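Read the structure below first, then the notes.
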Amino acid sequence: MKKTILLWCCIIISQLIVAQTWHVSGVVTAAEDGLPLPGVSVMVNGVSGLGTITDVDGKYSINVPEGKSLGFTYIGYLEQIKKINSNAVVNVVLESKSNVLNEVVAIGYGTMKKSDLTGAVTSIGADKIKQIPVSGIDQALQGRAAGVTINASSGQPGASAQVRIRGIGSILSSSDPIYVVDGVILDNISFLSPGDISSTEILKDASATAIFGSRGANGVILVTTKRGSDNPKGNISVDSYFGVQNRWNKLSLMGRDEFAKTVSTFNGSNEYLTQNGLNKWIESYMTGNKSPYFPKIKTDTYPQGIDYGAVDTDWQDAVFQKDATIQSHHISLDGGSKTSNYAISASFFDQNGTVIGSNYNRLTLRVNTAHNVRSWLKIGENLSFMTSTGRNAMNNNASPGASVLSAALAMAPWDPTHYPQGAWSYSTTSKGAYPQGRDLSGQISASSNFKNVTNPFSMVENVVPKDVAERWVGDAFVEITPIKGLLIRSDISMDLSNVESKMFKYAYLYSAYDQSTHNFLSSSMTRYSTIINENTATYNKKIGKHDFSVLVGETSQEFNYYSIGGSGSNITNPEEKNRYLQFTSNSTTSADSVRQVSDGVARTRMLSLLSRVNYQFDNKYMITANFRMDGSNKFPENPWGYFPSVALGWKISEEAFMKEIQNLDFMKVRLGWGQIGNEKINSDLFITKMFNTGPTFVDYVLGSTQSLASGATVLTYANVGGKWETHEQWNGGVDFGFFNGLISGTVDLFRKDTKDALLTVKGPAFAGQRYDAMANVGTIRNEGIEITLDHRNKIGSLNYSINGNVSFIRNQLTKLNGGQKIYSSIDNILLCDEGLPVNTFWGYKYMGVFTSDAEALAYTNSTGTIIQPGAVGGDAKYQDVNGDGKIDDSDKMNLGNPFPWLTYGLSLSIDYKGFDMQLFFQGVYGNQIYNAVRYRTEGKGEEATLSTVMRDVWTTTNPTGTIPNPYGSTNNFRASNRFIENGAYLRLKDIQLGYTIPKSITQKIQINRLRIYVSGNNLLTFTKYTGYDPEIGGGVDYGNYPQARTILVGVNLGF
Amino acid sequence: MKKYIFKATFVLSMALSLVSCQDWLTAPSPGVTKLNDFFTSGSTAIQAVNAAYVPLMWESNSTYFPEWFIGDVVSDDALKGGQSIGDMSTVYDMENFKTATNNGYLLDFYRAQFQGIGRCNLVLEQVPGMKTDAVLTASVKNRVIGEAKYLRAMYYFRMVRIFGGVPKVDFVISSSNQWKQPRATTDSIYNFIISDLKSANTLLWKKSKYTSSDLGRATKGAAQAMLLKTYLYTKEYDKAKSWGDSIINSGEYSLIPNYADNFTLAGENGKESVFEIQYMADPTSDYGEGDGFTRGTFTVILTRSRASKAGGWGFNKPTENLYNEYETNDPRRDATIINPADADIENPAQEIYLGDRYLNKKYALMNPDGSYLGLSHATRGPINNKVIRYADVLLMYAEACCETNNQVAAKTALEAVRSRARASAAVLPAFPYGTYADNQTDLRKAIRHERRVELAMEGHRWFDLCRWGIAKETMDAYKATETSAAQNEMATFVKGKHELFPIPSAEIDLNPMAQNPGY
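Residue numbers (the working numbering), protein chains in the order written: chain A, 1 to 1055; chain B, 10001 to 10519.
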C-alpha cells in the first residue's frame, strides 16, 4: 500500500518537473454585453490546483503544461475549453448559461452535474432566497419549489416556518426536513443569514436523500454558503435594506354602540346577562339608565370620574403598530489565492413586529477558509456564530390571557387602553383592587365585563422576558487525495447553543383576573450540543464510456441537552439588577413563595455506515445506488436499520434517434425507489423506566401523621421490538429543455409510503399501563405530482424569465393497526384516523338556522324521530348523517383538512438596460382553516367584540337571520363546519424594482456593482378567508399573528 | 508522506473503532432509571410496594369512580343524587339497571384495579430475589411481599364482585406480545384471592408491630379479615368461621365506644380499624390527569350537600327505605343520615333528588356542632375510606357462625355490635327481639338487618345482597317503596344478569373475551 502511494506521488511529481509549458494570456468577456468578466476561473484541465482567475479587466495569464487544455468557468456561464499547443493570446467569449440543467448542484457528500442527477432535486438560487425580507431561509423558500409546502405559520418576527417536503410522513415523530449547511447536518438553520447563501438544493425523493439515511426521511435541504474564490484582490459585497411593515387586514368588528345595542337585542340575552353579571354598559342600552361604573363614571358629583361616553377604543388599532421597522445589513468579504481561499461575513437583522410587544434581532458572523496545503491535502473549516434576542406576542393561542391579539379581541370597545388623567377608583367593596379614591391616571385599564381577560398592554408592560440565544455552528475538515480520483475526507462538526431565558413579572393589580399577587421570576439556562464525525472516501474513475463514482463512509453523532432553571417570587426590590433567583424569597411554609429548581437532561446517539455508487455509461445511462445502515440508541432492541435505494436515469436526448427531433435540447427520464428510516421521536421511549419522582401517581399516605411515603413503579411498559419508521418512496420524473433554452422543466410523480409509523398503542387494562406505549403500527401514504416550468428569452436588450411550479399532494393515514387515533385542538376538531388524511377536520355538518320552533320540530328522520329535540327557532341545524334520528358522535364527518392539495408559485423577472423587476406570486388551494376567532366574535358578546356579520343573527324580529342565536342551545357551538373556511389564497409575495448603475460609471469609484431597489411584500392577497391571514400553522386560527405588508428600499454593493 | 499515512491510519482506525463499538449506542441514557437498574437497595422494595397501594385511592379519571357508587347507590340504600338525573349519567345507568357495555365508570374502575395489580406483580417479581440489608431485613422483606399479595387480592376482590371472572395476571406484562390473556372463571379468581391472602397472612405483620409511621399498611389481621370475607362469598362458612376466630382471638382489634367516632379524622386507624384506604389533606394539585393526581378523596365533595354552606355535589343520597330500616331511636341512624331542615334546602330543584332529601353523613366530615369541617382543598377531603372495620368482622363472623349453626357464637358477636351501638341508651335490645324468634332463620335475618344499618353508606350493601342471592327480591321490594319519580327511572331487574356489571366493551375489543350473561 505504502509503496503504491509513493509510486503514484513520484509519477505526479515527475510529470510536473519534466513537462514543457506554454505561456498563454488573454481577455475573457461576456457574450451578452461584451464587457470583460473579472473573476473567471481559468484552470489547467487535469492538473489539480493549477490555474488562475481573470482580473478586474477580465485579463489573465498562465503557464500551461504541454498537451493540456485550459478550462474557463464562471458562475452562470457555460464552460469553455481551449486546447493549448503554443504560446498564444487566447481571448474567450463566455456564453451565458441558458440551460439550468448544466448547473453543478450539491448532493449529499458531493456535487454532481444537474443533468446527471437521477433523483428528484430542486435547486434554488441565492437571488431567490435573498429576495424576500425574512429572518430565515425556510420562509424564503416558500413557493419556490414544487412538492415543498411551506407555511409561514406566524408573522411573529423570528418565527420559523413549517416545512413539509412531499406531505406529512409521520404523526408522532417529526415531519420536519433536515438542513445540511456545507455538510453540517442540522435541525434548524435560524443561525444563518439568507445573505450568506450561495445556493440551495432541496432533495425530495428517496434516492436523493438516501445518503442521509434516517435523517433524510422527511427530505433534505442542502445549503451551500458563499465560498472564497482565488481572487487575491478579494470581493467585498454589502447588502442592506430598510423597510416598514404594516398589517394588511383587519377583522370587521362592531363599534361600541352597535355592539352594545346588538347584544341587547339577542333573544335570551336579557335573562342570561341578568344571571351572569349584567354588563353595565349593555344595561344602559337596555334600561336607558346610565349605571355607576368602575372606575366611577363621571358625574356632577364625581367630576374626577371617567366619561365612558367618550371612550370608543378600536382594540385592533391599539395593538397593531404602524410602520414597524425591519432592517438587514450584510457584509461579506471573500477571496484567496491558488492555494487558499476565505469568505467572511457579518450580518445584522432587526425586526419589530406589527403587534405590540414583539421583536427579534440577530447578529451573525461567519467564516470559512480552505487551504490546499499540499497537492494531495486540503484542510478547511466553516464557523458561524449567531446571537439573537427578541420577545414574542405569543402566537395563535386559544386563551385570551396568552396572546396579545387574542386578548385585544376580548377587550370591550368601551374600555380605554389606559385610564385618562384624573381617573380615580370607585369601589364599595373590600376586594382590595382599588381602595376608593386611588389615583388611576394613566394606569392600564381593567377589562370591564369579560371574565378572565388580561389587558394586552398588561401582558406587554408587566412581563419582562429576556431570551438570549447564542449558537456556534461549524466544522473542520481534512481532505486527502492519495491517488487521482480518490478523495478521503474526515469532518468533525458541531452545533452548540446556549439559551438564557428569563421571565420577570411585576406584582400588580388591575382586576381580579388581571393581577399578580407577587412579583415572580423564572430563569433557566439550556445547552444543546450536537457533535458529528464523518469520514468518507470517494473514488471517481472514467474508463472509456464508463464513468463511475463510489462513496463509502461512516458517521457518528451525539446530541446532548441539559437545562437547569428555577423560579421564585417576592423579590424585595425588583429593580433589574436584582432580578436573579438569589433575591427571591425562599419560604418553607408558604406554598406560593417557595423557590423551585429543576433540571433536565437528554442524550441521543447515532452511528451510520453509508455507501453510494454512481455509474454512467456513454453519458446516456445512469444508475445511482445507495445503501445505508443506521444505528440509533432510541431503539435499544433494534438499533440498526438498513436502508437501500436505487435510481435510474436515461438521457434520451443523447440517443441517435432523438437527435433528429428538432428543438429538443435535452430530455432525461428518471425512476427511483428507496427506503429511508425515521427516528425523530423522543429518546428512551422503548426503555421501561421506573417512575419515582414527585407525589403524583406513586406516593402513598402512611402513618399516624398522614404524610407521603415515597413510591416507585413502572407507569408504562415499553413495547418490545421498537424499530425505525420506514419511508418507502417511488419516484418517476422527466427533465426536459426545448427551443435552445427557451423552455425547460421537470415533471415528477411520487408515492411515499410510511411503514411501521410510530404511534401510541393502547394495551388491555391488565398490561397495567398508565400511559400508552409506542409501537410501529401505522401506515401513511403521500402521493403527488410536481411540475416545474421555466421560460427564458431575450428580446433585444430585454431579458426575461418566467418560472412556475405547481404540486399536487394527497395524503392518507392508510392503516392504524391498533394504533390510537389522535384527536387534537379545540373540541377535538382535528383527527388522525384510518382512511383519512393526517389531521382531518372531524365534526358535524352545519346546515343553517331553524327559522322557527315549528321548523325544528319538523326536522325528523325517515321514521319520524325528531332529530334535534328541544331545539327552537334560532338554533343551529346539523345533519343526521347516519339517519338514526339523533345527533351524536356517529354523525361526525370529514370536513376537510388543513393541508393544501395544491401549492404553486410563479415568478417573473425582467431586466432591461440596468433596470430589473421581479414579481413573485405564491399560493395554496384545497385546504381548510378552522376560524376559531369566530367562535368568540360570533358568540354571546362576552368573550369578544362581535363581528359585523352578527347584524344578521336570528332573533324573533329577524327570523330570517342566518346566524344561530348565541343565547340559544349550547349545541349551536358544536365542532362543526360552521367555522371552517376555505383556506386557499394567492399572494403577491414580492414585487421588486431595481436599477444597476452602469459599470462604466461605478468602476470609476472602484465599485463593480451598485444596485438599488425598492420592494413590496404581501401587497396583494386574494383569499376568501375571513380571518387575519390565511397562513396558519396547524389549521386552527385562534387569532394567529398575521403576515405583515412590507415596503422597503435596499442596496446591493460589490467592490 | 509520513504525515499522510498517519492521518489515513488515524481516520481509518477511528472509523473502525466506532463501528465496532455498539456499546456506544446502547449505553444507559443520563437521567433515566431503567427498570432493570432500579432494585438495588432495600429501600427500593419499600418504594415499590408503597406505589402498589396508590391505585386503591384513585377515584377519578375521565369520570368519578369510587366503589360506593356501586356498593351504596346501586343497592336499596341510596339514590345517585347530584344536580340532576343527567349528572354522572354513567352511574344513573348502573343504578337503574340500564348499564351499557361502554359505561365510562366501569372502564375507569376496571383499568385502575389492573394498574394496581401490575404494581403488585412488579413487587412480587423483583423483591423475592433481593438481598436483605439494613432496611430490608428478612422480616421487612416478608412483610413487603405479604403487602403485595394482600393488595393484589384486594384489587381482584374489588373486580370479581363487580365483573365476575377477569383475566388472571400473576406476572409482569412486560411487552405487547403478552397482551392476550384468557378470562378466568369467577371461581378461579376467588381461589387466586384466597391463595394470595393465605400467603399474605403468613408473611404480614400484626397491626401492633407497626411503628406509627407505618400505620395504614396491610396487616395480618387485614389478611385474615379478607379471608373471612372471601369465604363468605364462596359460601365456605366453616373456613370463614375459623379465620374469624383467628382475628377475634388475636386481641388486636376492638370496637371503639362511640360508633360515630369512626367517621372523624381523630378516629382513623384506631382500634376498630382493620384496613383503611388512606387519604390526607392536600391543598395543591388543582389540575388532574385523573387517576392519582391527588392525595385527598373526592368522596367528601361528592357526597356533601349542594347547599352553599356545604358546597358539595350531593351524590349518594340515603333512601327513605334505609332511613326506615333503623329501629326506633337507633343512634346510628342520625350518625349515618342527615335529614336536612327545610330551611337548609336552598335550592330544592337541585338538592332533592327524585323526592329524596337525605344526605350521607359518614363521609361529610362534620364538626360536632353539625357544621362542615373546612377543606384545605375545595374538592379533596382527608378522610380515610373504612374498608374493613372490626364491627364488619364481627358481623361477618356472626354470619359464618349462623350458617354453620353455631348460634351462640353468632349471637355473641351480634350482641357485641348492638351493645356498642346502643351504648347506655335503652334501645336495641339483645337478640331475639321484635318480630325475630330465636331460630336460625330469624337470626340470619337479624344479622342481615344489623349489617345493613351498622355498615350503611360504607359501600357494602349491594355486594351483600348479591352474595346472599336476594338482590332481585330486595330490589323489587325496595322499588315499591320508592317515589314514583324514582320508580319511573328504574328498569326491571333481571335475575342472573344484573348481579354483575358488563366487562367494559373497550377491554373486550383489546382482549377478546366472553361478555357477562345478558349484556
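Note that beta-carbon positions come from the ideal geometry of N, C-alpha and C, so glycine has one too. Quantities reported herein were computed from a predicted structural model and do not represent experimental measurements.
Taking residue i as the query, report the chain A residues whose CB atoms sit under 7 angstroms from its CB, ordered along the chain.
i: B:V10387; result: None at all; the shortest Cβ gap to chain A is about 14 angstroms.
Spatial neighbours of residue i within its chain, please: C-beta separation below 8 angstroms, excluding the five flanking residues on both sides.
i: B:T10090; result: T10063, N10103, G10104, Y10105 and L10106
i: A:I150; result: D138, Q139, L141, Q142, G143, A161, Q162, V163 and R164
i: A:T688; result: V714, T716, Y717 and A718
What does residue i reach in chain A if we use C-beta pairs closer than 8 angstroms?
i: B:P10167; result: P764 and F766
i: B:G10295; result: Per the sequence presented here, residue 10295 of chain B reads as Arg, with Gly not at that position. Per Cβ cutoff of 8 angstroms: P695, D699, V701 and L708.
For a contact meaning CB atoms closer than 8 angstroms, what does residue i contact in chain B?
i: A:S704; result: S10212, S10213, L10215 and N10269
i: A:T266; result: Going by the sequence as given, residue 266 of chain A is Phe instead of Thr. Under the 8 angstroms cutoff, chain B gives no residues; its nearest Cβ is about 26 angstroms from A:F266.
What number of angstroms, rounded off, separates the C-alpha of residue i from the C-alpha of residue j?
i: B:N10385; j: B:R10152; result: 18 angstroms
i: A:I326; j: A:G357; result: 15 angstroms
i: A:S522; j: A:N462; result: 14 angstroms
i: B:S10199; j: A:R527; result: 53 angstroms
i: A:M629; j: A:L607; result: 8 angstroms
i: B:V10274; j: B:V10074; result: 25 angstroms
i: B:D9974; j: A:S704; result: Examination of residue 9974 of chain B is not possible in this model, given that chain B is present from 10001 through 10519 alone.
i: B:E10507; j: B:T10099; result: 16 angstroms
i: A:F477; j: A:V499; result: 28 angstroms
i: B:A10514; j: B:F10109; result: 19 angstroms
i: A:G672; j: A:S645; result: 8 angstroms
With a threshold of 6 angstroms on Cβ separation, who are the neighbours of residue i within its own chain once the five nearest residues in sequence on each side are excluded?
i: B:Y10519; result: T10101 and P10502
i: A:I571; result: N519, N578, F583 and T584
i: A:V134; result: A140
i: A:A433; result: Confidence at A:A433 is low in this model, with a pLDDT of 47, below 50, so the placement of that residue is unreliable and no value is reported for it.
Counting only beta-carbon separations shorter than 9 angstroms, does residue i have a partner in chain D?
i: A:A718; result: Reference to chain D is not applicable here, since the protein chains of this structure are A and B.
Could you tell me which residues DSSP pairs with residue i in its beta bridges?
i: A:N368; result: A:A343 and A:N382
i: A:M917; result: A:I910 and A:L993
i: B:P10331; result: Answer by DSSP bridge pairing: none, since B:P10331 is not bridged.
i: A:C832; result: A:I822
Skipping 5 residues on each side, what residues in its chain have a beta carbon closer than 7 angstroms to that of residue i?
i: B:I10189; result: Y10156, V10160, G10165, V10166 and K10168
i: A:R215; result: I178 and I185
i: B:R10452; result: E10325 and R10461
Can you list the residues of chain B that residue i reaches, using a CB-CB cut of under 7 angstroms?
i: A:A709; result: N10050
Going along chain B, which residues have a C-beta under 9 angstroms from residue i?
i: A:N633; result: W10024, L10025, T10026, A10027 and S10029
i: A:P639; result: Q10022, L10025 and T10026
i: A:P636; result: L10025 and T10026
For a contact meaning CB atoms closer than 9 angstroms, what does residue i contact in chain A?
i: B:E10067; result: Per Cβ cutoff of 9 angstroms: no residues; B:E10067 is ~16 angstroms from chain A at best.
Residues from the region 10030–10043 of chain B in contact with chain A, defined by Cβ distance under 7 angstroms: Correct list: P10030, G10031, V10032, T10033, K10034, L10035 and F10038.
Short-range partners of chain A found in the region 10480–10494 of chain B, where Cβ spacing is below 7 angstroms: Per Cβ criterion, the list is empty.
Near-chain B residues of the region 670–698 of chain A (beta-carbon distance less than 7 angstroms), N- to C-terminal order: Identification of residues in the region 670–698 of chain A having a C-beta nearer than 7 angstroms to some C-beta of chain B yields S683, D684, I687, T688, K689, M690, N692, P695, T696, F697 and V698, given in sequence order.
Contacting positions in the region 10093–10120 of chain B - beta carbon closer than 9 angstroms to chain A: If you check each beta-carbon in the region 10093–10120 of chain B against every beta-carbon of chain A, the ones closer than 9 angstroms belong to L10107, Y10110, R10111, A10112, Q10113, F10114, Q10115, G10116, I10117, G10118 and R10119.
Proximal residues, the region 729–763 of chain A versus chain B, C-beta separation under 8 angstroms: Listed by position along the chain: V761, K762 and G763.
Against chain A: residues of the region 10320–10349 of chain B by CB proximity under 7 angstroms: Contact residues of the region 10320–10349 of chain B toward chain A are absent (C-beta to C-beta distance below 7 angstroms).
Against chain B: residues of the region 595–612 of chain A by CB proximity under 9 angstroms: Residues of the region 595–612 of chain A with a C-beta less than 9 angstroms from any C-beta of chain B: D599, G600, V601, A602, R603, T604, R605, M606, L607 and L609, listed in chain order.
The region 10455–10477 of chain B: positions lying closer than 8 angstroms to chain A by Cβ: Of all residues in the region 10455–10477 of chain B, none has a Cβ within less than 8 angstroms of some Cβ in chain A.
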